[in-house]
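**Student:** This is the structure I have questions about; it appears just below.
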Amino acid sequence: LKKAVLKLLAKEADEARLSGLREHFQALDGRQDGFLTRDELLSGMQQHLELRSLSVQDLASALPASSEGRISNTSFNAALLAQEGFTEAELRLAFGRLDIHREGKLSPGTLQEVMKAPAQPAARWEEICHGAIDFKEFCALING
239 LKKAVLKLLA KEADEARLSG LREHFQALDG RQDGFLTRDE LLSGMQQHLE
289 LRSLSVQDLA SALPASSEGR ISNTSFNAAL LAQEGFTEAE LRLAFGRLDI
339 HREGKLSPGT LQEVMKAPAQ PAARWEEICH GAIDFKEFCA LING
């Protein structure tokens, strides 16, 4: 859930926040193929002070399950933006996009519908969200 929301936020972040990240990504993308390998990213983390705060855990969370060890620009942006945190306005916009039924809360069914993703096992959803979550809980989940 968090990974999907972070990608949504990364796609919709304002240009001022994304331009610097895009420059970092392009500098690290040695093959200029639009993806970073783990080696390219780890090398970049050592060379660029701004990336040193990105932990191995953040790197792992940026990798989609089917990534074959490659990180897209969107996943890269999502991981770094998550480090910085999101403003209430950014989170409110994302929450509004996800709350398609305008209930003021997000349920597993709603998120599955919006993200067209496979259903999260009920136990996993309960572990993460304890049922439907409101905006305040959403903010804590994403920025926490």
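Using this note's numbering, you'd call the opening residue of the sequence shown number 239 and step up by one each time.
Beta carbons: idealized from backbone N, C-alpha and C, even for Gly.
For clarity, every value in this text was computed on a predicted model and none was experimentally measured.
(1) Please report the distance separating the alpha-carbon of Asp-277 from that of Pro-346.
(2) With a CB to CB cut of under 7 Å and the five nearest residues on each side skipped, what residues in its chain are close to Thr-312?
(3) Helix, strand or coil: which one does DSSP assign to Ile-380?
(4) Got a sec, what are the start and stop residues for the alpha helix (DSSP H) Leu-274 sits in?
(5) From what residue to what residue does the beta strand (DSSP E) around Ser-310 run?
(6) Is Leu-318 a contact residue of the ligand ZN, with contact defined as CB to any heavy atom under 7 Å?
(7) Less than 8 Å between the beta carbons of Phe-333 and Arg-308, yes or no?
(8) Kindly indicate which three-state DSSP category Lys-343 falls into: helix, strand or coil?
(9) Tell me where the alpha helix (DSSP H) around Lys-245 begins and ends.
(10) Nearest chain D C-beta to Phe-376 closer than 8 Å, yes or no?
(11) Of the residues Gly-342, Ile-371, Gly-282 and Val-243, which one's Cα is nearest the Cα of Glu-261?
(12) Do Leu-344 and Asp-337 count as a contact pair if the criterion is CB distance below 8 Å?
(13) Taking the straight line between their C-alpha atoms, what separation do you get for Arg-340 and Thr-348?
**Tutor:** By the coordinates alone:
(1) Residue numbering aside, residue 277 sits at position 39 when the sequence shown is read from its first letter. Residue numbering aside, residue 346 sits at position 108 when the sequence shown is read from its first letter. In a straight line, the C-alpha of Asp-277 is about 36 Å away from that of Pro-346.
(2) Here residue 312 refers to the residue found at position 74 of the sequence shown. These residues qualify, in order along the chain: Lys-245, Ala-248 and Lys-249.
(3) Translated into positions along the sequence shown, residue 380 becomes position 142. Ile-380 falls in the helix class under three-state DSSP.
(4) The count along the sequence shown starts at 1 and reaches residue 274 at position 36. It is not in any alpha helix (DSSP H) - Leu-274 instead sits in the beta strand (DSSP E) that spans 273-275.
(5) Reading the sequence shown from its first residue, position 72 is the one you call residue 310. Counting along the chain, the beta strand (DSSP E) containing Ser-310 begins and ends at 308-310.
(6) With respect to the ligand ZN, the structure offers nothing, as it holds no ligand at all.
(7) The residue labelled residue 333 in the question sits at position 95 within the sequence shown. The residue labelled residue 308 in the question sits at position 70 within the sequence shown. No.
(8) Taking the sequence shown and counting its residues from 1, the one referred to as residue 343 is at position 105. Lys-343 falls in the strand class under three-state DSSP.
(9) Taking the sequence shown and counting its residues from 1, one reaches residue 245 at position 7. Run containing Lys-245: 240-250, per the alpha helix (DSSP H) assignment.
(10) Absence of chain D from the displayed structure is noted, only one protein chain being present.
(11) By 1-based counting over the sequence shown, the position of residue 261 is 23. Comparing alpha carbon positions, the residue from Gly-342, Ile-371, Gly-282 and Val-243 closest to Glu-261 is Gly-282.
(12) Within the sequence shown, residue 337 is the residue found at index 99, counting from 1. Within the sequence shown, residue 344 is the residue found at index 106, counting from 1. In this structure, Asp-337 sits near Leu-344, with a CB-CB distance shorter than 8 Å.
(13) Numbered from 1 along the sequence shown, position 102 holds the residue referred to as residue 340. Numbered from 1 along the sequence shown, position 110 holds the residue referred to as residue 348. Cα to Cα, Arg-340 sits roughly 10 Å from Thr-348.
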